[in-house]
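Chemist: Right, I'll just put the structure down here and ask away after.
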Amino acid sequence: EDMNDPRGVALLTLSEDPAFFLDRVRPLLLDAPFASLVQKPEFTMVGRTYSLGYEPDLIDVLLHRPRRTVLNRDWPWAIWYPLRRSGRFAQLPADEQRVILAEHGAIGMSFGSADLAHDIRLACHGLDKADNDFIVGLIGKDLYPLSAIVQMMRKTQQTSLYLERLGPFLVGRALWQSPLD
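The structure is reproduced here in structure tokens:
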């Protein structure tokens, strides 16, 4: 359910095989009941999981954790949004980038450890029409902590100084989720 559009719905699909989106999802969207819906291109987001480089279990980080998060029936609320960093961030020394990202990450981890918000971070370099860098999904059992984390993140150096573009925001609640297995 799209909270900002009384007739709006969103479809979240995931697969390890990129052909799945063309061979299976596209025909689904071209058939009833989806064919009668009006597509909102600003909410078409395509991304891939990625590693930061220090995770001990890459298979879990890249494949299993994202599925567990989005398919957790105890966490029906979501805010999804794309973002693009400014080129200035890429020009910073790596150690300075780490400090800036650590500030951002500490907020996310505090919400996660309290079971208030869980995130899905997807890289979308070259994959989406709007040339975004990342897609962020905030998932949780209630909506207000998801909004609160966005509010807190706006004060970080990463968001306040080094983002070129943030949003639009898709806010909604899951109507149906496939089984986790």
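In my numbering, the protein residues as written are 29 to 209.
Quick reminder that beta carbons are idealized off the backbone N, C-alpha and C, glycines included.
These numbers were taken from a predicted model, which means no experiment stands behind them.
Please classify Ala-118: does DSSP put it in a helix, a strand, or coil?
Modeler: Helix at Ala-118.
Chemist: From Ala-145 to Ser-175, what distance separates their C-alpha atoms?
Modeler: Distance between the alpha carbons of Ala-145 and Ser-175 is about 10 angstroms.
Chemist: Return the bridge partner residues of Pro-196 from the DSSP annotation.
Modeler: According to DSSP, which records beta bridges pairwise, Pro-196 is partnered with nothing at all.
Chemist: Across which residues does DSSP place Gly-110 in a beta bridge pair?
Modeler: In the sequence under discussion, the amino acid at residue 110 is Pro, which differs from the Gly named in the question. Its beta-bridge partners are Ile-163.
Chemist: Taking only the alpha-carbon atoms, compute the straight-line gap between Tyr-78 and Val-66 and give it to the nearest angstrom.
Modeler: Approximately 31 angstroms between the Cα atoms of the pair.
Chemist: How long is the line joining the alpha carbons of Glu-192 and Asp-156, rounded to whole angstroms?
Modeler: Glu-192 and Asp-156: Cα-Cα distance of roughly 16 angstroms.
Chemist: In the DSSP output, which residue or residues are listed as bridge partners for Leu-191?
Modeler: In the DSSP output, where bridge partners are listed per residue, Leu-191 has Arg-113.
Chemist: Could you pull out every residue in the same chain whose Cβ sits closer than 7 angstroms to the Cβ of Phe-197, ignoring the five residues on either side in sequence?
Modeler: Here the set comprises Ile-107, Tyr-109.
Chemist: Who are the near neighbours of Leu-203 in its chain, counting only those whose CB is closer than 7 angstroms to its CB and skipping five residues on each side?
Modeler: Cβ neighbours of Leu-203 beyond the five flanking positions: Glu-29.
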